[in-house]
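There are 6 protein chains.
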Amino acid sequence: MKKGIANYQIGDTFDHFLLIKTASKSVASNGKPFLSFLLSDQTGEIDAKLWEASNEDEKAFQQGELVKVSGEVGQFRNKPQLKIHSIRPSQPTDGVFPSDFIEKAPVEKEELMEKITEAIFEMKNPKIQRITRHLVKQHQEALLSYPAAVRNHHEYVSGLAHHIVSMLRLAKQIIELYPELNKDLLYAGVILHDLGKLRELSNAASPSYTTEGKLIGHIPLMMEEIRMAAEQLQIEGEEVTALQHMVLSHHGKLEWGSPRPPLIREAEVLHHIDMLDARMNMLNRALDKVGPGEFTEKIFPMEQRAFYKPTFED
Amino acid sequence: MKKGIANYQIGDTFDHFLLIKTASKSVASNGKPFLSFLLSDQTGEIDAKLWEASNEDEKAFQQGELVKVSGEVGQFRNKPQLKIHSIRPSQPTDGVFPSDFIEKAPVEKEELMEKITEAIFEMKNPKIQRITRHLVKQHQEALLSYPAAVRNHHEYVSGLAHHIVSMLRLAKQIIELYPELNKDLLYAGVILHDLGKLRELSNAASPSYTTEGKLIGHIPLMMEEIRMAAEQLQIEGEEVTALQHMVLSHHGKLEWGSPRPPLIREAEVLHHIDMLDARMNMLNRALDKVGPGEFTEKIFPMEQRAFYKPTFED
Amino acid sequence: MKKGIANYQIGDTFDHFLLIKTASKSVASNGKPFLSFLLSDQTGEIDAKLWEASNEDEKAFQQGELVKVSGEVGQFRNKPQLKIHSIRPSQPTDGVFPSDFIEKAPVEKEELMEKITEAIFEMKNPKIQRITRHLVKQHQEALLSYPAAVRNHHEYVSGLAHHIVSMLRLAKQIIELYPELNKDLLYAGVILHDLGKLRELSNAASPSYTTEGKLIGHIPLMMEEIRMAAEQLQIEGEEVTALQHMVLSHHGKLEWGSPRPPLIREAEVLHHIDMLDARMNMLNRALDKVGPGEFTEKIFPMEQRAFYKPTFED
Amino acid sequence: MKKGIANYQIGDTFDHFLLIKTASKSVASNGKPFLSFLLSDQTGEIDAKLWEASNEDEKAFQQGELVKVSGEVGQFRNKPQLKIHSIRPSQPTDGVFPSDFIEKAPVEKEELMEKITEAIFEMKNPKIQRITRHLVKQHQEALLSYPAAVRNHHEYVSGLAHHIVSMLRLAKQIIELYPELNKDLLYAGVILHDLGKLRELSNAASPSYTTEGKLIGHIPLMMEEIRMAAEQLQIEGEEVTALQHMVLSHHGKLEWGSPRPPLIREAEVLHHIDMLDARMNMLNRALDKVGPGEFTEKIFPMEQRAFYKPTFED
Amino acid sequence: MKKGIANYQIGDTFDHFLLIKTASKSVASNGKPFLSFLLSDQTGEIDAKLWEASNEDEKAFQQGELVKVSGEVGQFRNKPQLKIHSIRPSQPTDGVFPSDFIEKAPVEKEELMEKITEAIFEMKNPKIQRITRHLVKQHQEALLSYPAAVRNHHEYVSGLAHHIVSMLRLAKQIIELYPELNKDLLYAGVILHDLGKLRELSNAASPSYTTEGKLIGHIPLMMEEIRMAAEQLQIEGEEVTALQHMVLSHHGKLEWGSPRPPLIREAEVLHHIDMLDARMNMLNRALDKVGPGEFTEKIFPMEQRAFYKPTFED
Amino acid sequence: MKKGIANYQIGDTFDHFLLIKTASKSVASNGKPFLSFLLSDQTGEIDAKLWEASNEDEKAFQQGELVKVSGEVGQFRNKPQLKIHSIRPSQPTDGVFPSDFIEKAPVEKEELMEKITEAIFEMKNPKIQRITRHLVKQHQEALLSYPAAVRNHHEYVSGLAHHIVSMLRLAKQIIELYPELNKDLLYAGVILHDLGKLRELSNAASPSYTTEGKLIGHIPLMMEEIRMAAEQLQIEGEEVTALQHMVLSHHGKLEWGSPRPPLIREAEVLHHIDMLDARMNMLNRALDKVGPGEFTEKIFPMEQRAFYKPTFED
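Residue numbers (my numbering), protein chains in the order written: chain A, 1 to 314; chain B, 1 to 314; chain C, 1 to 314; chain D, 1 to 314; chain E, 1 to 314; chain F, 1 to 314.
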């Protein structure tokens, strides 16, 4: 048996557990209903069809269910598709758990938390430090489990914390190269910039946008959180405005959703670090799927470019 | 003596009081210092030069001073310019006051406040009503004296309240035509949409941008104010999010500074009412300066268009 | 039996009359021909398939035919689709008429005409009044039956007149708020601005673009109509140019098809009224299809935004 | 004495006749009035100043006057400027005429008219031929004297006819290379495309925009002319629509003022011919002013490019 | 038997040779594999399906194979589709050759070469002439067989040479009209501008992009070729830079892939000639497929416009 | 005496040596010629006027001359301007040298060269290493003295090498964080990406664009250099193409002058490193000129933003 759905090929037979990520019912051209699934494990996803599905099937096989599936890997519109021969819900006795079928950051939560704590500990400006610590503590559990985005980059459990920690490492190095940077402001910006996603998205495992997320968005939501933290901690002063500005401006341009572009040196750097780490994450995941001498799929948020993996080595 | 600087022409002699709106020192090509002023009364403004100015002149004639000026109206680069023969600070015995030399809304503050209060009184949803009333009360004095903008439209004392009241009348009529609109939400949006300018701008009479105004901007500042009002009034619920969305989205597009475009029907209407009233204000002021058969100056925020005043009547 | 196709759901059985809006023949993957229909009544539309269709079927069931259909409502690509069990052309004895199956404005033609006539009657400038009356009279029948557009807004029988009358009400209110506006010019602009669509579109019930409509467009076509009306009525003067400008500029921007942007105050207002009424019509129709707490489908001509219907009331 | 103002250099003394193209009065920093002129002859233009000008000077030296000037060629902001020592109006006995001081096309009017007549004569489709001949005859005098534009390209007397004839030659060659083109339609498009400028501009010698030109523009004005010509000649049919489309679409894009892009093959070609000939005219005039190995000034309507004149020959 | 696949209609029976342009395997909804082909002859292309295909079929029927096919012309998604009844590889004894099934320029290679040689022969500047001749000679075979593009225009065997020769004819005429143009530079630009495609594309018959083509592109590749030719011929001087500039700038704008816009007069003309000839080729091919009074399909690289074929003649 | 022109204020008397960066002659409104200078030392620049200049003055005081100047610092259009009382060319006996009056990188050439050599030494891929070493050696002298740009960032002597070394440090750190990056390719890209400027610009001290620089640009010029180096070293393979791609794509977008966007992971990173280091250099230099609580001047190449220097410390 192969390890993980990502390693199966057209023509292979499959017989293992998978998690139902999405499920929908349609009617075939012969008038019979069928179910379309997106099934996943930690290695990847596959489309699947259950033909001539009954009403019971529809009720049994819904989003979030863990199922035992056997079938054959075919192809539809140039993508692999699993034709299901048999399918059943998982049993307690199967000893499998949904959390084992969800992609996670390659680093443990404890380690991620430790790195964030270290960065806060290094801060010297007490106002910046207290606001940052307060907000991290308040949202700690969600912060350690949420993805950084619904799709595109770091879109896995603990993805947000993974992104933050990766950016902190970048920030640390850049501060060494450009010592004129204010470390406290930059570290705080890195840690807080996307925390608004904890209100923008509904949950960590299969996140969707909340009403608040759609109508307000994570950037203004986080700005508000900083203000309320400052109120609660009775902190006043330009540090609050500067922290809010870091968050507000981190998308870099008005048309990308920042109501102000970066107007403080550290805000400019934050925008670049965010972009660089997000793009490295996307690029690495796309390049992992191809061999030397091949081009990746078009990467939508990178202007739909397809990247090349060279054939030579360094 | 003519009434108001706006009525003087090239060649006229001038001898009256004016307010110094801006003052700056330069050095002429003959090496002698001179002062450049922008002088104003309620009817308008004029550039002025005081040649061979002494250090005492520089100290005496600063922004905000009321001065008695005599001189001759000349022309420089197609614009009138006052060549100053004599100038002196106003004396208490002159019986003139700076507030008489500043442009104001054509409606009194009391009447403006009454109209806003009426609109709040008409609201039925208690959450929307309480938040709106709270914020108006909290900022009442500034709200009644601030301009709606530093330049472009309603850029005079009480301009913001004048703009709000004019928009309320528009909103009232539009609600009659489209009764499906939620009156409370639309009225509250009209009243609150630009209140953030009270923090974005420094003062009512000769406003400039605050640091907070430049780094955050009036839209996110007002969103924050709504949240804090709700906290203080212990109000929760979708009304708060909806009010915040009204404010956030009223510029209509991301590239115009709204981090979200209008996504609620009343937010879409608010954007149109705001634009229409601002444009009518700009257009009327520009058309007042030209005669039938003439084109106005290019109006910068209206895509630099020059508008035509027809020669026929209705 | 349910009232209207819009009220049927997946799984329902249908047995009633419908109008064929479009019909086309294809070949199924089993090599057999089938017919695809878009069927409608006054409440809405549904896709439908007639499998294994004969040549006689193809001839009998064409666009514009009224048919009796029985079948089952299924689903295809997330949209309802009617699987036809039996279908026959309507008979005179059925007592049904195509005009009963077409969506219409919610106001009668007579009332619409009355409102337009009233507006013309109010005009004081005889040149503007005579040109407007002449063009309305000349095109009266089509004006009262055409839609305002092929899709997007007011896309139903009498939609154009409905749009005009709604805009006239808006114009009336706006003139009261801004009395400096020239009522005659604005009313005439409202009435004439889209009359060119009577030449741009082929007919009222199932309109498509004419060659003239595609090569010239309704804006220049209407400009030409105004000139010819003026010639016929032997009217000269700036009023003719101003009326032409109102029509030419009402799309607001060159890239939206207006060869001139609005350069007269009333033309600017006309553009805003047109946009506001069109958007309210689109928004209302989209929001009618969803419940509180839901988002509409993406509205294509409103920058693809999905709008939210709040859960609270005023 | 040098031939023509274009051949004078900084430091030269000037003593000859020039035409006043523009005149305006200003006040110098010493408080004394002076007159600023733009003076021209057939070879070019020069800025000039008459210091300490009297009221009599102001009346005597107005736009359109021919004057005898002596002075010295200096420099102001990197441009030559004539410092006037003495100036007087020309006398009948001077034997000089304003028309000798205006730039003209390098081809005589008679020859231009002949070429246009030839092209009309070659047409076979009687509808296209009659409409074209009618409009040329109707506007013949203006057509032969107007410039093609106020500035940028062919901005001299007879410039429009010069541009048309040059485009006719291009059209003739292109038809030979692509014989599938409809010669009648293309020739008519070339001849008619800019005739609307005869209404858009006020006169041939020192043209400015008419009110009609500003509010409607030459493209819709010409479309109207074609319709009225067709009415008068009682011509109907697709030819009229096609001719109108040629004119409407010749700017190529909506944002360049064409309410429709080219949708007929000949309209596409017309757009390219127009652009190529206009650009060659601009390029040649700019390159004539520089030597080998130099770059021209930035050419505004060619995306502000500065062009290089190579040092080698063919 | 009809001549060429382009002349077959829905319902026709087909029994003839065709070339496999593309082949791919899929699985039908009944779980059985099938092959999808794009088959072609010199007159055009058709989609085709071979249902229930065996592994042998998959191996036998690959891209580039010539096959004998019998089947019936059906329809799928509004496009003709050939349902294959029987198919076999062509035999030597069939006397058919792949080259007879590929679309070619309507002019013979010898004639194309002759025209290019003539143009080189006319050049007077020895540096330009030698570099051009060298590069043509070096790439002669590919130059005469490559298409001008993978799709859009001149996308057939010898398309590049056909495009060059057509542009040379245009250039010749334009030089006659504007004799100030440097013929050598323009001719050389026409001949060399797209030669980089010989490295950008993999081969002449069914071209795809090379890695070098994707990572560098034909414009910089050709710039490099000119430099290397100059090195080899020991030619120095501005002519080399000018030739490189002609190639670099011929797409006209940075966003269209030219790292410099045209900055030499002949480069500007080259860009226009290239665009005009490419567009005439696209337009003619699209208009050939429709009748008078019809619109073409949307032409993607011409801003998706659909062109109209008028009903009248010249 | 103050140290350096940057430290003088309005009203100060100046008496020291300065370098003439630019010189031009004009005529004053009194008809007398004067000379305008841009004078500089290592700390900055100042505009200066020499009134009533003689022909001898014009010849003596040209660009590149070192002069002794005494005068007074005045103000013109809000900028300091030196009114020259006396001026003379420097004498050998003055013991001053032009090179002491030019801004330089804050690091010595030897140290910069060492860092570049180290990076080359670290490379493992012999093809990449040899090409990079070859090009650095070939251009070593210019590489160590040229600025990175004519203006905007690193616009001082040795600016290019300073920029490269700063980017190498960034690259080193980023490779540690993302070890999947190919170090050789990234280092080579950093070192080579702007070497084309050595041909684009005329010289190190007061650089202007060469004809080749204007017509071709540094990006294609460097691509050519890589090819020629490979030819000379007889190196073939994908490494050459990849190096060329690094250079070609480093501006990131077609509209910024890269004919290809980054399509290799290291090219994407190179673009970000280049942008980050250039922006830090611009930001630091602008922020150095203002105090806490102030905004910088608008920084043109950073979208004209004015940056804020916070008042708090970390």
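By construction, the Cβ of each residue, glycine as well, lies at the ideal position given by its N, Cα and C atoms.
Range covered by the beta strand (DSSP E) that runs through Leu82 (chain B):
Its beta strand (DSSP E) spans residues Lys79 to Pro89.
For my contact list, Ser328 (chain E) and Gln63 (chain E) are in at a C-beta cut-off of 8 Å; report their separation, rounded to the angstrom.
No statement about residue 328 (chain E) is possible, as the shown extent of chain E runs from 1 to 314 and does not include it.
Let me know the alpha helix (DSSP H) ranges lying completely inside the stretch 155 to 186 of chain D, each 4 residues or longer, listed in chain order.
With a minimum length of 4 residues, the continuous alpha helix (DSSP H) runs that stay inside the stretch 155 to 186 of chain D are 159 to 177.
Between Ile5 (chain C) and Arg199 (chain D), what straight-line distance do the alpha-carbon atoms span, to the nearest angstrom?
Distance from the CA atom of Ile5 (chain C) to the CA atom of Arg199 (chain D), rounded to whole angstroms, is 56 Å.
Mapping the DSSP letters down to three states, classify Ser26 (chain A) as helix, strand or coil.
Strand at Ser26 (chain A).
is_contact[Gly196 (chain D), chain C] using C-beta, thresh 8 Å:
With 8 Å as the cut-off, Gly196 (chain D) does not count as an interface residue toward chain C.
Do Ala188 (chain D) and Ile128 (chain D) have their beta-carbon atoms positioned less than 8 Å apart in this structure?
Closer than 8 Å, so yes.
My assumption, with CB atoms under 8 Å, is that Asp41 (chain F) sits in contact with Phe101 (chain F). Please give the rounded CB distance.
5 Å between Cβ atoms; contact.
Whole-Å CB distance - His153 (chain E) paired with Leu112 (chain E), under 8 Å assumed:
Between the beta-carbon of His153 (chain E) and that of Leu112 (chain E) there is about 16 Å, and that puts the pair past the 8 Å contact cut.
Give the residues from the stretch 199 to 214 of chain B that approach chain F closer than 9 Å (Cβ to any Cβ), ordered along the chain.
Taken in chain order, the members of the stretch 199 to 214 of chain B whose beta-carbon sits within less than 9 Å of a beta-carbon on chain F are Thr211 and Lys214.
What residues from the stretch 268 to 280 of chain D come within 8 Å of chain E, judged by C-beta to C-beta, listed N to C?
Taken in chain order, the members of the stretch 268 to 280 of chain D whose beta-carbon sits within less than 8 Å of a beta-carbon on chain E are Glu268, Val269, His272, Met275, Leu276, Arg279 and Met280.
Could you tell me whether any Cβ in chain C is nearer than 8 Å to the Cβ of Gly291 (chain B)?
The C-beta of Gly291 (chain B) comes no closer than 8 Å to any C-beta of chain C.
Can you give the Cα-Cα distance for Lys104 (chain E) and Ile299 (chain E), rounded to whole angstroms?
In a straight line, the C-alpha of Lys104 (chain E) is about 21 Å away from that of Ile299 (chain E).
Could you work out which residues of chain D lie near Gly217 (chain C), taking near to mean beta carbons separated by less than 7 Å?
Simply Pro259 and Arg260.
Opposite Ile138 (chain D) in the DSSP bridges: which residues?
Checking the sequence shown, residue 138 (chain D) turns out to be Gln, not Ile. Paired residues: none, contrary to the question.
Is the closest heavy atom of the ligand PLP to the C-beta of Ser54 (chain F) under 7 Å?
Annotation note on the ligand PLP: not contained in the displayed structure, which lists no ligands.
Per-residue DSSP class, three states only, for Glu299 (chain B):
In the sequence on display, residue 299 (chain B) carries Ile and not Glu. Strand.
Relative to the C-alpha of Ile323 (chain D), which candidate in D:Val96, D:Ile87, D:Arg169 and D:Val73 has its C-alpha closest?
In the structure as shown, chain D begins at 1 and stops at 314. Residue 323 (chain D) is therefore absent and cannot be evaluated.
Report yes if the CB atom of Leu233 (chain E) is closer than 8 Å to the CB atom of Ile131 (chain E), and no otherwise.
Yes, the Cβ-Cβ distance between Leu233 (chain E) and Ile131 (chain E) is below 8 Å.
So, at 7 Å on beta carbons, what are the nonlocal neighbours of Ile20 (chain D) in its own chain, with the 5 sequence-adjacent residues on each side left out?
Around Ile20 (chain D): Phe37, Leu39, Phe61, Gln62, Gln63, Gly64, Glu65 and Val67.
Stretch pair the stretch 263 to 273 of chain F + the stretch 175 to 189 of chain F: three plus CB contacts closer than 8 Å
Contact holds: three or more Cβ-Cβ distances are below 8 Å.
Comparing C-alpha positions only, which one of C:Glu255, C:Thr241, C:Arg285 and C:Ala278 sits nearest to Ala267 (chain C)?
Considering only alpha carbons, the answer is C:Thr241.
Which first and last residues belong to the alpha helix (DSSP H) in which Leu287 (chain F) is found?
Per DSSP, the continuous alpha helix (DSSP H) segment holding Leu287 (chain F) begins and ends at Arg265 to Leu287.
Leaving out the 5 sequence neighbours to the left and right, which residues in its chain are closer than 8 Å to Gln81 (chain E) when beta-carbon positions are compared?
Same-chain partners within the cutoff: Ile46, Asp47, Ala48, Lys49, Val73, Gly74 and Gln75.
Which residue's Cα is closest to the Cα of Glu52 (chain B): B:Gln91, B:Gly71 and B:Lys25?
If you compare the alpha carbons of B:Gln91, B:Gly71 and B:Lys25 with that of Glu52 (chain B), the shortest gap goes to B:Lys25.
Using beta carbons (cut-off 8 Å, strictly below), is Gln138 (chain A) in contact with chain E?
Not closer than 8 Å to any Cβ of chain E, the Cβ of Gln138 (chain A) fails to qualify, so no.
Quick one: what's got a C-beta closer than 6 Å to Ala165 (chain B)'s C-beta in the same chain, skipping five residues either side?
This sequence places Val at residue 165 (chain B); Ala is not what is there. Counting only Cβ-Cβ distances below 6 Å, and skipping sequence neighbours, we find Leu112 and Lys115.
Neighbour-count burial assignment, Glu118 (chain B), 16 or more Cβ in a 10 Å radius
Burial call: exposed.
Count the other CB atoms within 10 Å of the CB of His85 (chain F); is the residue buried (16 or more) or exposed (fewer)?
In this structure His85 (chain F) is exposed. Its beta-carbon is surrounded by fewer than 16 other beta-carbon atoms within 10 angstroms.
For Pro262 (chain C), tell me which candidate among B:Met302, B:Leu35, B:Met123 and B:Ser208 has the shortest Cα-Cα distance.
The residue among B:Met302, B:Leu35, B:Met123 and B:Ser208 with its C-alpha nearest the C-alpha of Pro262 (chain C) is B:Met302.
Return yes when the Cβ of Gly217 (chain D) is within less than 8 Å of the Cβ of Pro259 (chain C), no when it is not.
Closer than 8 Å, so yes.
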